[in-house]
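Read through the structure below, which is laid out as structure tokens, and then see the notes.
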Amino acid sequence: MDAPKFTDDTYDLSELLFDPNNFRFQDEPNFARADETRFAEASVQDRAYQRLRREGISELKSSILANGFLQVERLVVRPHAPSGKYLVVEGNRRLAALRWIAEDHEAGVPVPPEVLDVLRAVPVLTLDAGDAHAAYLAIMGVRHVGGIKQWGGYQRAKLVTDLRDTYQLETPEVAARLGMTAHEVNRRYRAFKALQQMQRDDEYMDSATSDKYPLFHEALSLPAVREWLKWDDAKSQFEDIEQVHHFYSLITETVDQDEESAEVRLPKLPTYVQVRELRTILTNPEAKQVLLDPDRSFPDALGIAKAEEKSKSWRSEVAEAVSVLGSIGALELARLSAADMEVVEKLRETAAQVLSMHARLTAE
35 MDAPKFTDDT YDLSELLFDP NNFRFQDEPN FARADETRFA EASVQDRAYQ RLRREGISEL
95 KSSILANGFL QVERLVVRPH APSGKYLVVE GNRRLAALRW IAEDHEAGVP VPPEVLDVLR
155 AVPVLTLDAG DAHAAYLAIM GVRHVGGIKQ WGGYQRAKLV TDLRDTYQLE TPEVAARLGM
215 TAHEVNRRYR AFKALQQMQR DDEYMDSATS DKYPLFHEAL SLPAVREWLK WDDAKSQFED
275 IEQVHHFYSL ITETVDQDEE SAEVRLPKLP TYVQVRELRT ILTNPEAKQV LLDPDRSFPD
335 ALGIAKAEEK SKSWRSEVAE AVSVLGSIGA LELARLSAAD MEVVEKLRET AAQVLSMHAR
395 LTAE
């Protein structure tokens, strides 16, 4: 991808179109891609406008009314061949604020003359039509992934995936364009491909929504999960479908239905915090079995895993206590209070009980 080419222009507000497939919309539960040939239809444009209004652009609108439309904040547009208008690829929130101001003006609300002038000649940078979409992705990366208006994880991962899959960019170039490390690019790419795999699954596709992305982002970072589900980095997918379905069942609601009633079971791993604990649970066969048992809970599984983990850590903790006691100097010993001595005495009593119990157990 070469560097984007622009020309300075101005267009009447009526010549500018919202992008209904804007990346910022794509993590919404009801998002559906619009056909580009229909972008200019009033209903399509109004839906995009209302989405932007719901995001909260009143502060932006107030800023434009108070300070004018700053030239450094030009919209970036590309020609929209089906309508002969111009699609805004960067600056949809600013376009929404301008449209809101225009509606206020039509309703009789006072608007500064210099702002009205902007509505008739909105400053833009027009992308070269030949490589407009590729340039759009590059601009989105610079301004949103690590810059002026950061996106959420899902949108960033989708942009990474588009650059790699659609434009065949290698990880180092994607990282350079988006201001990420190569490690972060690869992690986001793996997670998005894993979510896409779920979206293709006949049984679970309806549950594979954008809000599941953080779960895959966390899961793919854990070697224990990659091993459990047999992640193939070359194919960018999980290979053990049976175990993958077990994982899907842990992150989605399930419905147990009989002739009389239906019981909804909430996901055992609803957030990335629970997914992170798989690194402890999966290495413990008993805890893993409990996790996959539909009648047992996540706390049950985690409790078993943590108990074993704690039982293995006693030796180092006792050694640390011995080291601390041994490092107390004479002057500090002389100043120990009755409460301090009670703690030391409790430690001695506990050690004596452990030694006595060990002697009885080994004598039997």
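Heads up, the final residue of the sequence shown is numbered 398 in the working numbering, and it's a clean run with no missing numbers.
Glycine is no exception: its CB is placed at the ideal position from the N, C-alpha and C atoms.
Residue i versus residue j - alpha carbon distance
i    : j    : result
I362 : R349 : 21 Å
G360 : K380 : 16 Å
R369 : R382 : 20 Å
D53  : N126 : 7 Å
P146 : H139 : 10 Å
Y247 : A136 : 38 Å
R330 : T305 : 18 Å
A209 : T215 : 6 Å
A228 : Y201 : 20 Å
S371 : T384 : 20 Å
A141 : E75  : 23 Å
G337 : R394 : 29 Å
G181 : A339 : Reliability fails at G181, whose pLDDT of 47 lies under 50, so the model's placement of it is uncertain and the value that follows must be treated cautiously. Straight-line Cα distance between these residues: approximately 41 Å.
K183 : R108 : Low confidence applies here, because K183 scores a pLDDT of 49, under 50, leaving its location unreliable; read the following figure in that light. Each residue's alpha carbon lies about 15 Å from the other.
E237 : V307 : 25 Å
F73  : K39  : 24 Å
Q79  : F57  : 15 Å
A386 : S357 : 18 Å
A355 : P206 : 48 Å
I91  : G186 : 18 Å
E287 : L129 : 39 Å
V298 : D240 : 16 Å
E252 : E311 : 10 Å
W262 : H280 : 11 Å
E89  : Y83  : 10 Å
N220 : E351 : 38 Å
R313 : D199 : 30 Å
F59  : R211 : 22 Å
L249 : D61  : 14 Å
A353 : E294 : 59 Å
T396 : A296 : 54 Å
S77  : D334 : 51 Å
R449 : F65  : Any question about residue 449 goes unanswered here, given that the chain covers just 35 to 398.
D266 : S390 : 53 Å
E342 : L203 : 46 Å
V289 : A68  : 32 Å
A373 : E93  : 60 Å
8 Å contact criterion, which residue i and residue j should meet: CB distance rounded
i    : j    : result
P157 : Q105 : 6 Å
I275 : P301 : That pair is no contact at about 19 Å.
R133 : L47  : 7 Å
V149 : G102 : 6 Å
T41  : T160 : 5 Å
F332 : L326 : Actually they do not touch by this definition, with Cβ atoms about 11 Å apart.
Cβ neighbour criterion (16 or more within 10 Å) applied to residue i
i    : result
A100 : exposed
V388 : exposed
Q291 : exposed
E124 : buried
K192 : buried
H217 : exposed
I231 : What sits at residue 231 in the sequence shown is Gln, not Ile. The residue is buried, with at least 16 neighbouring Cβ atoms inside 10 Å.
K322 : buried
K264 : exposed
R85  : buried
V378 : exposed
T195 : buried
R154 : exposed
L365 : exposed
L367 : exposed
G213 : exposed
Proximity winner among the options, relative to residue i (alpha-carbon distances)
i    : options                : result
D235 : K264, T200, V278       : V278
A242 : F250, Q233, L249       : Q233
L121 : N55, R88, V378, S97    : N55
Y282 : E351, L86, V309        : V309
P63  : W262, V110, D327, D245 : D245
K95  : F65, A131, L153        : A131
V152 : R87, A373, I98, E366   : I98
P328 : L303, E342, V352       : L303
E70  : D61, R112, R87         : R112
V110 : D162, S295, E93        : D162
Determine contact between the segment 249-264 and the segment 312-324, defined as no fewer than three beta-carbon pairs at a distance below 8 Å.
-> The answer is yes - the segment 312-324 touches the segment 249-264, with three or more Cβ pairs under 8 Å.
Contact between the segment 215-231 and the segment 262-272 (3+ Cβ pairs under 8 Å) | Cβ pair count under 8 Å is three or more, so yes.
Three or more C-beta pairs below 8 Å linking the segment 44-53 and the segment 115-133 = Taking 8 Å as the limit for Cβ pairs, the verdict is that the segment 115-133 does touch the segment 44-53.
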